[in-house]
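S.K.: Which chain is which? The protein sequence lines are A and B, in order.
Numbering follows our numbering, in which position 112 of the first sequence is assigned residue number 112; successive positions increment by one, without gaps.
In our numbering, each residue carries its 1-based index in the second sequence increased by 1000.
The beta carbon of each residue, even a glycine, is placed where N, CA and C say it ideally should be.
Computed from a predicted model, the values in this text were never measured in an experiment.
Just dropping this structure here.
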Amino acid sequence: TQTVSQSDAHVTVFEGDSVELRCNYSYGGSIYLSWYIQHHGRGLQFLLKYYSGNPVVQGVNGFEAEFSKSDSSFHLRKASVHWSDSAVYFCAVSERGSNAKLTFGKGTKLSVKS
Amino acid sequence: GALVYQYPRRTICKSGTSMRMECQAVGFQATSVAWYRQSPQKTFELIALSTVNSAIKYEQNFTQEKFPISHPNLSFSSMTVLNAYLEDRGLYLCGARGSAETLYFGSGTRLTVL
């Protein structure tokens, strides 16, 4: 069974600050990890994913995430946030394969103050 | 790029009636489609996973009799919520997966049941 844990329900930062949103997972097999963003009242927008290779993956809008097998983590980071980054961020894990189920964390709400 | 269109964006139906939602993949071939429901508490539940020319796999607590799905080709899927009641309200998201295994989501169909 795959599980995804996002320990912070809500993170508040100021514009220009750096931010790290944490994600830990548990699964023993071959997986891929993703991050999605959901602005208020909208659908899910894909940010980035990791399945092999360089553990640091770059995504859209300056986001990056780092995979750590030893820590079972896939934290999302941004060096300098903008007010438009305010949204809910979901970490997700999936087995490899086209029929695989994507399991989401509960989400972290990021509030960026100007 | 890969885009997923979902319509309608929002719908209101009377308790006990049914509504149909549609999902269109543009720019890639959707070998599999996953239908999710996001509850008012923001958690995601997988309803079913559909692969073209294969049986649709429903998750526990969701049935074909309640949520019939059609996935006739590599760009289109639809799902109907039959006999909708208050507990069926939420944001229904369609996720389409192509060869890259990334699941791209539409903007969702928000269902309100009166």
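1. Taking Gln1064 (chain B) as the reference, give the member of B:Ile1047, B:Ser1018, B:Val1033, B:Thr1043 with the closest Cα.
2. Could you spell out where the beta strand (DSSP E) holding Cys1013 (chain B) opens and where it closes?
3. By the three-class DSSP mapping on this structure, what secondary structure does Glu66 (chain A) have?
4. So if DSSP puts Arg1037 (chain B) in a beta bridge, which residue, or which two residues, is it bridged to?
5. What is the rounded straight-line gap between the Cα of Asn1053 (chain B) and the Cα of Phe1076 (chain B)?
6. If we cut at 7 Å on Cβ distances, does Phe14 (chain A) have a partner in chain B?
7. Considering just the uninterrupted stretch of the beta strand (DSSP E) at Leu47 (chain A), what are its terminal residues?
8. Cα-Cα, which of A:Val19, A:Lys109, A:Ile31, A:Ala100 is closest to Val67 (chain A)?
9. Can you check whether the CB of Ser1032 (chain B) is closer than 7 Å to the CB of Thr1051 (chain B)?
10. Starting from Phe14 (chain A), trace the beta strand (DSSP E) both ways and give me its first and last residue.
11. Would you check if the distance between the CB atom of Leu81 (chain A) and the CB atom of Asp8 (chain A) is smaller than 7 Å?
12. At a CB-CB cut-off below 8 Å, which residues of chain A make contact with Ala1034 (chain B)?
13. Once DSSP output is grouped into helix, strand and coil, what is the label at Ser84 (chain A)?
14. Note down, in chain order, each residue of its chain lying with its Cβ closer than 6 Å to the Cβ of Ala79 (chain A), except the 5 sequence neighbours on either side.
M.R.: Concretely, from the data shown:
1. The shortest C-alpha separation from Gln1064 (chain B) is found at B:Ile1047.
2. Where Cys1013 (chain B) is concerned, the enclosing beta strand (DSSP E) stretches over 1010-1013.
3. In this structure, Glu66 (chain A) counts as strand in the three-state DSSP scheme.
4. In the DSSP secondary-structure assignment, Arg1037 (chain B) is bridged to B:Glu1045, B:Tyr1092.
5. Near 13 Å, if we compare the C-alpha coordinates of Phe1076 (chain B) and Asn1053 (chain B).
6. Proximity of Phe14 (chain A) to chain B, defined by a Cβ-Cβ separation below 7 Å, is not satisfied.
7. It spans 45-50 - the beta strand (DSSP E) in which Leu47 (chain A) sits, taken as one unbroken run.
8. Correcting the residue type first, residue 67 (chain A) is Phe in the shown sequence and not Val. Considering only A:Val19, A:Lys109, A:Ile31, A:Ala100, the residue with the shortest C-alpha distance to Phe67 (chain A) is A:Ile31.
9. Yes, they are a contact pair.
10. Per DSSP, the unbroken beta strand (DSSP E) holding Phe14 (chain A) starts and ends at 10-14.
11. According to the sequence as given, residue 81 (chain A) is Val; it is not Leu. Between Val81 (chain A) and Asp8 (chain A), the gap from beta carbon to beta carbon reaches 7 Å or more.
12. Residues of chain A whose Cβ lies closer than 8 Å to the Cβ of Ala1034 (chain B) are, in chain order, Lys101, Leu102.
13. In this structure, Ser84 (chain A) counts as helix in the three-state DSSP scheme.
14. Ser18, listed in sequence order.
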